[in-house]
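Here's the structure, in structure tokens; my notes come after.
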Amino acid sequence: PHLRHLIEQVLFTSPGERVNRPTFGSGVLQLLFQPLSTELAATTQFLVQSALQQWLGHLIRVEAVEVEHEDARLTITVQYIVLRTQQRETARFSRGGQQP
Numbered sequence: 053p054h055l056r057h058l059i060e061q062v063l064f065t066s067p068g069e070r071v072n073r074p075t076f077g078s079g080v081l082q083l084l085f086q087p088l089s090t091e092l093a094a095t096t097q098f099l100v101q102s103a104l105q106q107w108l109g110h111l112i113r114v115e116a117v118e119v120e121h122e123d124a125r126l127t128i129t130v131q132y133i134v135l136r137t138q139q140r141e142t143a144r145f146s147r148g149g150q151q152p
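Reading the sequence shown from the start, the letters are residues 53 to 152 in my numbering.
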């Protein structure tokens, strides 16, 4: 649960949002209302993977990032290995749009 919370913080914090850590975050929320495209999905995957590596690379190793974007709802699924235990985990996060 603690790692999941940290991942969520990285994903949904915009760079510049934290005064004491101006580069912290991923910037994916800025993409939420962009038109869906293959390029948008690839950009989002890159942003997520890069941000998680930068901010949580000492705790996890990201194996896969899946991005779904439908009706202004962004869903990001992250598969990762917890470095301390070598345990594989999957976490899914959603923002925007209508709740299912």
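Cβ coordinates follow ideal geometry from the N, Cα and C atoms, glycine included. Since the structure is predicted, the reported quantities are computational estimates derived from the model, not experimental observations.
Item                                                                                                                             : Value
If Arg70 sits next to Ala143, beta carbons under 8 Å apart, how far is it from one beta carbon to the other, in whole angstroms? : Incorrect: roughly 21 Å between the Cβ atoms, too far for contact.
Where does Glu122 fall in DSSP's three states?                                                                                   : strand
Where DSSP assigns a beta bridge to Gly148, which residues make up the other side?                                               : Arg125
State the DSSP-derived secondary structure class of Thr142, mapped to helix, strand or coil.                                     : strand
Would a C-beta distance cut-off of 9 Å place Ile128 and Val114 closer than the cut-off?                                          : no
Quick check on DSSP: helix, strand or coil for Arg136?                                                                           : coil
At the level of alpha carbons, what is the spacing between Gln139 and Leu111?                                                    : 12 Å
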